[in-house]
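Counting in numbering that gives the first Met the number 0, the sequence shown runs from 0 upward without gaps. Note that the Cβ used here is the ideal one computed from N, Cα and C, for glycine as well. Treat the numbers as computed from the prediction; the structure is a model and nothing was measured. Inspection log for the structure reproduced underneath, given as structure tokens.
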Amino acid sequence: MNKKAMPKSEKNIFILEDDSLQQYALKRTLESLGYRVVGCTASAQEALESLQALQDTPADKPSLLLVDIRLQGPVDGIEFVASLPPELKVPHIFITAFNDEQHFARSIQTNPAGYILKPFGKLALDYQIRLALRNQENEIQLLEKNALLDSFLSGSKDGIILIDKEGRILEWSKSSESIFGIPREIALSRTPKELDRSLSILLQNQNSSLLEVKRETAKGVQHLQITHFSVRWKNEAYTCFIVRDVTFLKQAEESILQANRELSVLNQALATIGKSFRLEEVLPGVLHILTEGLQASGGVLYLFDESSETLQLSCSQGVSPTLQKHLTPIKLGETILGQIAQSDYTLGIDNLSLEPNRLPPETLQEGWKSLLAVPIKRESKLFGLIALFSTEKQSFNPSASRLLTTIAHELSISFENALLYQKTRKINIELEQKVTERTQDLNTLAELSRELTFIVGYRELFTVLFSLLHRTSSFAAAAVYFHQESSPVVFLYYGSPVSEEFDGRFREKIEDYVLSATDNQVFLKPEVFFVLNERVFPPEREDPSARLFGELYVEPFEQKGDLYSHKGYLFFAAQGKQKFQDRVRHLFLIAAQHTTLMLQALEYRLGIEKKRLEQVVANLHEGL
């Protein structure tokens with residue numbers, strides 16, 4: 000910054016001279032040289048008061064003081080200049096008759112702009128004044144440059160460090176204080192090695208144009224990016240280091256990388272979830288993706304069992320078989336996992352050792368140190384729980400928690416879809432089964448109708464009926480009760496091996512039912528029971544419970560005809576805990592309806608046969 004020298008007419012000079020004649024002469028000389036004299040005093044006290052008064056009018060402020068060492072009063076010129084307050088200080092030139100070492104040495108302490116011995120000439124005075132004003136301008140320019148440099152150094156976000164060839168720190172900017180946490184006055188009084196290890200790295204790697212340093216500080220990890228360049232001044236070599244704190248950029252970069260990793264994990268998890276409605280195929284893959292993607296040591300995934308209100312371990316990652324036994328089942332509200340399952344929030348624990356009673360002790364023995372868990376819920380309906388663990392403290396960050404919550408939400412939707420799929424599939428299977436069974440029933444009835452065409456007696460009739468029914472139903476024994484020419488008769492048919500105990504119970508049940516259902520209280524004697532097929536006894540090694548008498552199903556029927564009238568019951572018995580399904584019961588109902596038709600058809604045939612025999616007998620009588 001180059002300023003033009005100010006014209007003389009703009010320079011104000013203040014005179015301190017004890018001799019009034021010399022005051023007048025000096026004032027006339029200065030004015031003749033083009034300077035403006037703003038004040039003349041003979042004592043220090045008067046000068047101080049005058050200078051203070053001139054501060055109120057900026058145009059009258061002096062640019063230079065001409066001070067005689069000898070003044071009126073107790074204070075001489077040297078003492079006066081030395082005692083001036085900072086706001087009144089301007090360049091000063093001593094004008095004196097003292098030519099001794101003592102006065103000269105005292106004056107030097109005030110840093111004068113000149114020292115003129117009386118008597119002096121006009122040219123010498125002008126020269127000293129010009130030189131003093133020029134030096135003042137240069138000093139002002141230097142101060143402005145220094146102020147600009149200080150402003151640059153203090154305003155720069157980057158730390159600026161200047162080191163000489165001896166390794167001494169010459170400049171330590173304000174940003175350097177902030178970056179390293181070391182005040183400037185301390186830094187300038189010590190060597191780089193004494194201050195910080197990173198500064199030693201700077202000196203050791205001066206040949207590298209760019210250096211990145213990672214520092215551990217009380218506030219955490221700090222990343223520094225350092226560049227340097229060499230400076231030569233007055234044949235001396237200096238090194239300037241520019242230190243930039245890129246911690247925020249590194250954190251932002253890491254956040255972006257972390258977000259990309261988490262997005263990749265989310266996409267993989269969603270792709271796995273969407274592959275199948277079968278949970279047993281989906282869940283292990285999702286847990287593996289979460290464990291690997293979030294850099295966990297392992298994880299567990301539970302399914303909620305509504306009947307027992309417990310969490311059942313579905314799959315795990317990085318968990319030993321021994322620990323798995325201690326982690327399932329978990330009741331709601333028990334351990335930290337059971338408590339999280341009851342809640343609606345994701346919970347992370349950075350140090351499990353501080354809460355040893357909230358998980359089985361075996362987890363700590365296997366090195367669990369931190370935990371992140373979230374319930375799998377949708378609209379307050381609990382489906383399960385995901386938990387990830389790490390063998391390091393403070394392993395899971397907030398973004399991992401958000402990601403796990405998102406995947407748990409997607410899993411809850413998948414659970415709902417899977418349940419809907421299972422219900423739909425079950426309905427389809429049931430419909431297909433009913434269609435198949437109905438087709439079998441229709442085939443059985445059609446075959447029954449075909450077989451009836453060739454039936455000539457009761458025994459054959461019911462043998463065909465029961466054998467065809469047994470193809471589509473799993474009864475152990477069946478029977479039919481009706482009256483044949485006013486005599487009760489019971490035909491027995493065995494569909495599977497039965498014990499004597501079972502057979503006896505079956506006959507008793509038939510007797511009891513007939514006795515209670517008939518109006519004339521019919522008692523069945525052993526001789527009215529006829530076995531249509533061979534009874535097979537079960538092997539001794541068979542489960543005894545299978546031999547027990549089970550459900551008894553009775554279907555009544557009634558047929559009225561000209562020759563005979565039939566009213567009776569079809570009996571069907573199951574073994575053990577077996578129950579007849581609705582479809583089978585419906586089939587038994589149809590069989591009872593067909594029984595009346597079969598008996599009617601059989602009666603018709605018997606009637607024709609009776610008339611034919613009567614005609615034969617009549618013909619025989621006529622022949623005789």
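Next on the checklist: Strictly by DSSP, which residues pair up with Tyr237?
Outcome noted: When beta bridges are read from the DSSP output, Tyr237 appears opposite Asp163 and Val230.
message = Tell me which residue opens and which closes the beta strand (DSSP E) that Arg35 is part of.
response = Arg35 to Thr40
Note down, in chain order, each residue of its chain lying with its Cβ closer than 6 Å to the Cβ of Lys3, except the 5 sequence neighbours on either side. Reliability of the predicted coordinates at Lys3 is poor, the pLDDT of 44 falling under 50, and the value obtained from them is presented with this limitation in mind. Contacts found: none.
Practice prompt. Give every residue of the same chain whose Cβ lies closer than 8 Å to the Cβ of Thr595, excluding the five residues on either side of it in the sequence, and list them in chain order.
Written response: Phe556, Glu557, Gln558 and His565
(Q) So, for Phe548: in the same chain, excluding its five sequence neighbours on each side, which residues have a beta-carbon less than 7 Å away from its beta-carbon? (A) Phe501, Arg504, Phe505 and Ala572
Exercise. Return yes when the Cβ of Gly297 is within less than 7 Å of the Cβ of Phe388, no when it is not.
Key: yes
| Using DSSP with H/G/I as helix, E/B as strand and the rest coil, what is Ile94? | strand
**Proximity winner among Glu78, Asp195, Leu169 and Ile178, relative to Ser188 (alpha-carbon distances)** = Nearest to Ser188 by C-alpha distance, out of Glu78, Asp195, Leu169 and Ile178, is Leu169.
When we look at the beta-carbon of Phe481 and count the other beta-carbons within 10 Å, is it buried (16 or more) or exposed? Buried: at least 16 other Cβ atoms inside 10 Å.
Q | Neighbourhood of Gly337 by C-beta, 8 Å cutoff - its chain only, sequence neighbours within 5 removed | A | For Gly337, where only same-chain residues beyond five positions count, the Cβ hits under 8 Å are Leu310, Ile329, Lys330 and Leu331.
Is the segment 253 to 266 touching the segment 171 to 182 in the sense that three or more CB pairs, one from each, lie closer than 8 Å? no
Ala81 and Thr109 closer than 7 Å at C-beta
yes
Q | Residues of its chain near Arg105, where Cβ-Cβ distance is below 7 Å and the 5 sequence neighbours each way are ignored | A | Ile77
- Item | Asp59 and Leu53 closer than 7 Å at C-beta | yes
Assuming Asp17 and Asp67 form a contact by the criterion Cβ under 8 Å, report the distance between their Cβ atoms to the nearest whole angstrom.
-> Their Cβ separation, rounded to whole angstroms, is 6 Å, which keeps Asp17 and Asp67 in contact under 8 Å.
Q. How long is the line joining the alpha carbons of Gln592 and Asn427, rounded to whole angstroms?
A. 30 Å
Counting only the same chain and skipping the five closest in sequence on each side, list residues whose C-beta sits under 6 Å from that of Val284.
A small fix is needed here, since residue 284 is Gly in this sequence, not Val. Once the five neighbours on either side are set aside, the close Cβ partners of Gly284 are Thr271.
Cys314 to Leu358, Cα distance in whole Å? 18 Å
* Between the C-alpha atoms of Glu354 and Ala295, what's the straight-line distance to the nearest angstrom? -> 20 Å
For Glu211, does the count of other Cβ atoms within 10 angstroms reach 16, so buried, or fall short, so exposed? exposed
*Give the C-beta separation of Val245 and Cys239 to the nearest angstrom, bearing in mind that I take them to be a contact with Cβ-Cβ under 8 Å.*
Not confirmed; about 19 Å, so no contact.
### Message
Using only the alpha-carbon positions, how far apart do Asn356 and Leu300 sit?
### Response
21 Å
Subject >> From His408, Glu391, Lys392 and Glu361, residue whose alpha carbon lies closest to that of Ile626 >> reply: The structure shown does not extend to residue 626, since the chain is modelled only from 0 through 623, so no value can be given for it.
Q) Sorted by chain position, which residues of the same chain lie with C-beta nearer than 6 Å to Asp304's C-beta, five sequence neighbours on each side aside? A) Gln311
task = Would you kindly report the start and end of the unbroken alpha helix (DSSP H) that includes Phe79?
result = Gly76 to Ser82
Identify, in the order they occur along the chain, each residue of the same chain with its Cβ nearer than 6 Å to the Cβ of Ala96, setting aside the five sequence neighbours on each side. Lys117
Taking 8 Å as the threshold, find out whether the segment 408 to 417 comes into contact with the segment 368 to 387 through three or more Cβ pairs. yes
In its own chain, which residues sit with a C-beta less than 6 Å from the C-beta of Leu623, not counting the 5 before and 5 after it? Here the model assigns Leu623 a pLDDT of 49, short of 50, so the residue's position is not dependable, and the following value carries that caveat. No residues qualify anywhere along the chain.
Any idea which residues DSSP pairs Pro487 with across the strands?
His482
Taking Cβ to Cβ, would you say Ile139 is nearer than 7 Å to Gly113?
In this structure, Ile139 keeps its C-beta atom at 7 Å or more from the C-beta atom of Gly113.
Open item on the list: Are the CB atoms of Ser369 and Glu261 within a distance shorter than 7 Å?
Closed with: no
_Length-filtered (3 minimum) beta strand (DSSP E) runs lying within the segment 565 to 600_ = none
### Message
By the three-class DSSP mapping on this structure, what secondary structure does Phe13 have?
### Response
strand
So is Thr423 buried or exposed if we call it buried at 16+ other beta carbons inside 10 Å?
exposed
| message | Which same chain residues end up closer than 6 Å to Phe13 when comparing Cβ atoms and leaving out the 5 residues on each side of it in sequence? | response | Val37, Gly38, Pro61 and Leu64
Notebook entry, point to check: According to DSSP, is Ile181 helix, strand or coil?
Noted result: Ile181 falls in the coil class under three-state DSSP.
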